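Counting along the sequence shown from 1, when you hit position 4 you're at 8 in our numbering, and nothing is skipped either side.
Using N, Cα and C, we set each Cβ at its ideal position, and we do this for glycine too.
Computed from a prediction, not measured in an experiment: that's the story for all the values here.
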Amino acid sequence: MQTKSPAFEEFANLLTNAFGAAKGVSDEVRAAARARADRVIADMDLVSRDEFEAVKMMASDAQLEIEKLKAQIAKLEKAVKAAKKK
5 MQTKSPAFEE FANLLTNAFG AAKGVSDEVR AAARARADRV IADMDLVSRD EFEAVKMMAS
65 DAQLEIEKLK AQIAKLEKAV KAAKKK
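Next comes the structure, spelled out in structure tokens:
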């Protein structure tokens with residue numbers, strides 16, 4: 005059975021350490037970019053998803069109420085016209 009040479013072992017360890025360091029740097033860059041993006045978004049004063057959904061629901065409810073009121077107005081206008089004819 006052939007044993008690994010010390011030079012090969014050292015080279016393999018060097019590569020392993022280099023890849024580990026590169027992964028660490030990559031993670032740090034990703035975290036820094038994420039933090040920067042979060043700051044930019046916060047500075048833009050954007051609404052959260054929850055706030056957006058709440059306002060969307062309120063707008064939908066308001067639209068339904070408008071439709072009901074339009075129907076009531078039409079009914080009342082019809083009643084007024086009928087009363088004027090008498």
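So, helix, strand or coil for residue i, using DSSP?
| i | result |
| --- | --- |
| residue 85 | helix |
| residue 48 | coil |
| residue 90 | coil |
| residue 5 | Caution applies to residue 5, whose pLDDT of 47 falls short of 50 and renders its modelled position unreliable; the value that the coordinates give is listed next. If DSSP states are grouped into helix, strand and coil, residue 5 belongs with coil. |
To which residues of the same chain is residue i closer than 6 Å at the C-beta, ignoring the five residues directly before and after it?
| i | result |
| --- | --- |
| residue 5 | Because the pLDDT at residue 5 is just 47, under 50, the model does not fix this residue reliably, and the point stays unresolved. |
How big is the Cα-Cα spacing for residue i and residue j?
| i | j | result |
| --- | --- | --- |
| residue 42 | residue 55 | 17 Å |
| residue 78 | residue 66 | 18 Å |
| residue 28 | residue 17 | 16 Å |
| residue 87 | residue 50 | 53 Å |
| residue 36 | residue 9 | 41 Å |
Tell me which residues share the same chain as residue i and place their Cβ nearer than 7 Å to its Cβ, disregarding the 5 neighbours each side in the sequence.
| i | result |
| --- | --- |
| residue 83 | none |
Whose C-beta lies closer than 8 Å to the C-beta of residue i among residues of the same chain, with five residues either side of it excluded?
| i | result |
| --- | --- |
| residue 75 | none |
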